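This report concerns only the one structure given below.
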Amino acid sequence: MEIMGRGARQILRESPLYFHLGVKFAGYRLFGRKSPLYGSADIINSCNLHCVHCYWWLNRKENEELGVEEWKKIIDEKFKKNHVFVVTVVGGEPLMRPEIVELFAKEFPKRACVVTNGTWPIPRLRDIYFYWISIDGSEEVHNGIRGEGAWAKTRENVLEYVRGSDKAWKDIWITMTINSRNYKTVRTVIEDWREYSNKIGFQFHTPFIKDDPLWLPFGKERDAVIDEILDMRSGEYSDYIVNPVHQLNTMRRSWGGKGTTPVDCPTWAMLSVDHLGREKHPCCIGSADEKMLKPRCEECGLGCYSVLTGYGMKG
């Protein structure tokens with residue numbers, strides 16, 4: 518039996534970490550104390566793709582990068598000091614810095630996951646939790662968003678990784694950000710990738726500008742997508758779709774805040790740093806620079822916060 522990809526032996530080994538999580542949840546429920554549960558690190562400020570939906574390009578500024586020792590210091594002083602349980606390694610494209618990915622896997626054994634476009638070779642690391650492979654629809658739709666040939670390159674790298682071991686497929690999780698271009702391809706993505714991956718998670722595109730054409734508005738079409746996912750989750754893909762029911766229902770309507778200000782969103786639950794180790798605001802897709810564009814909280818579709826909101830955690 519596995520829980521979110523974690524076996525019984527691993528859960529037992531991590532029991533001291535669950536103690537800290539329990540203390541944090543109790544502190545929040547009983548006294549309203551807010552302490553980060555998870556971490557997010559943008560380890561690089563470069564990417565080999567320029568995806569049309571990606572928030573990262575909106576706030577890209579400096580090209581400096583931190584070395585291994587500098588990241589080790591941030592890990593110790595920010596993430597470990599706050600007893601965060603899982604850290605998500607992002608970018609840019611994090612696999613362009615394999616030495617930093619390896620560092621996070623070493624410092625957070627089986628608790629560091631990597632969000633990647635999959636167009637770079639996927640390293641086999643003993644202590645990695647899993648790789649979130651970003652897929653944006655059918656091959657045609659995906660390429661329209663990420664660039665010609667992107668889908669095939671990702672497919673090639675995933676297959677190369679999976680063929681390396683009988684259990685390697687467990688390390689591959691698919692993430693799909695649903696937008697106005699790809700919302701009709703949800704089932705296609707599942708059918709294309711189910712054989713080569715462990716889980717799939719869905720979230721919705723979060724805009725930074727009003728009337729963003731990629732945003733799928735609340736209403737009939739969005740509800741139909743969520744209904745389709747719920748139907749598949751309760752049926753043939755019950756062991757594959759990772760989103761809880763309450764999270765999917767949360768994303769039917771505005772839940773995060775007003776304008777660019779978080780209200781109900783528990784942004785405090787994730788300690789997020791940029792490529793220079795500076796804390797990002799108001800959330801993991803924000804910026805350390807207050808002058809940069811901010812996400813529209815009232816139209817948020819992020820999975821990492823909506824799942825906590827669905828459990829009753831607030832900002």
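The sequence shown: position 174 = 691 (our numbering), numbered continuously. Note that CB positions come from ideal geometry on N, CA and C, so glycine has one too. Being a predicted model, the structure only gives us computed values, none of them experimental.
Does DSSP classify P640 as helix, strand or coil?
Look at P640 here: in three-state DSSP terms it is coil, with no helix or strand label.
With a 10 Å radius around its C-beta and 16 neighbouring C-beta atoms as the bar for buried, classify F536 as buried or exposed.
That one is exposed.
The alpha helix (DSSP H) that contains Y678, what's its start and end?
Following the DSSP letters along the chain, one finds Y678 inside the alpha helix (DSSP H) bounded by residues A667 to V679.
Return the first residue and the last residue of the alpha helix (DSSP H) that V658 is part of.
Where V658 is concerned, the enclosing alpha helix (DSSP H) stretches over E656 to R663.
Beta-carbon contacts of N674 that lie in its chain and below 8 Å, excluding the five residues immediately before and after:
Here the set comprises G635, T636, W637, P638 and I639.
Is there contact here, the region 710-718 with the region 794-814, by at least three beta-carbon pairs under 8 Å?
Because the criterion of three Cβ pairs below 8 Å is not met, the region 710-718 and the region 794-814 do not touch.
If you measure between the beta carbons of G654 and V706, is that distance less than 8 Å?
Yes, these two residues count as a Cβ contact at 8 Å.
N-terminal and C-terminal residue of the alpha helix (DSSP H) that C821 is part of:
Per DSSP, C821 belongs to the alpha helix (DSSP H) from G820 to G827.
Quick check: what's the CA-CA separation for A669 versus N660?
About 9 Å.
Take E594 as the anchor and find which of G752, V790 and G773 has the nearest alpha-carbon.
The shortest Cα separation from E594 among G752, V790 and G773 belongs to V790.
Let me know the secondary structure DSSP gives E732 once reduced to three states.
Note on identity: in this sequence residue 732 is Trp, with Glu being the wrong assignment. Correct three-state label for W732: coil.
When you compare only the Cα positions, how much space is there between P779 and G773?
The straight-line gap from Cα to Cα measures roughly 6 Å.
Can you look up T767 in the DSSP assignment and give me helix, strand or coil?
Residue state, collapsed to three classes: helix.
Using 10 angstroms around the beta-carbon of F621, count the other beta-carbons present and answer buried if the total reaches 16, otherwise exposed.
Classification for F621: buried.
Do P553 and V631 have their beta-carbon atoms positioned less than 8 Å apart in this structure?
No, these two residues do not count as a Cβ contact at 8 Å.
Option in G803, M787, K797 and V824 with minimal Cα separation from E761:
What sits at residue 761 in the sequence shown is Pro, not Glu. Looking at the Cα atoms, V824 is the closest of the given residues.
Give the range of the beta strand (DSSP E) segment to which M693 is assigned.
Run containing M693: I689 to I695, per the beta strand (DSSP E) assignment.
Less than 8 Å separating the beta-carbons of I746 and I758?
At the C-beta level, I746 and I758 come within 8 Å of one another.
Closest Cα partner of T692 within the set V618, V679, R698 and S651
Ranking the options by Cα distance to T692, first place goes to S651.
Whose C-alpha, out of G794, E582, F735 and P615, is nearest the C-alpha of N562?
The candidate whose alpha carbon is nearest that of N562 is E582.
Tell me which residues share the same chain as L538 and place their Cβ nearer than 7 Å to its Cβ, disregarding the 5 neighbours each side in the sequence.
Residues of the same chain with a CB within less than 7 Å of the CB of L538, apart from the 5 flanking positions on each side, are L554 and F602 in chain order.
I561 - DSSP class collapsed to helix/strand/coil:
Collapsing the DSSP output to three states places I561 in coil.
For P783 versus G832, is the C-beta spacing smaller than 8 Å?
In this structure, G832 lies closer than 8 Å to P783 by Cβ.
Keeping to the same chain, check which residues put their C-beta closer than 7 Å to that of G818; ignore five residues upstream and five downstream.
Taken in chain order, the residues that qualify are Q720, F721, H722, T723 and M768.
Spatial distance of P615 from N580 (CA atoms)
Whole-angstrom Cα-Cα distance: 17 Å.
Report the rounded CA-to-CA distance for M613 versus A805, giving the unit in angstroms.
For M613 and A805, the distance between alpha carbons rounds to 22 Å.
For W710 and G752, the rounded distance between their alpha carbons
Cα to Cα, the separation comes out at about 17 Å.
Where I758 falls: helix, strand or coil (DSSP)
In the structure shown, I758 sits in a strand (DSSP, three-state: E or B).
Host beta strand (DSSP E) of T633 (start-end):
In this chain, the beta strand (DSSP E) harbouring T633 covers A629 to T633.
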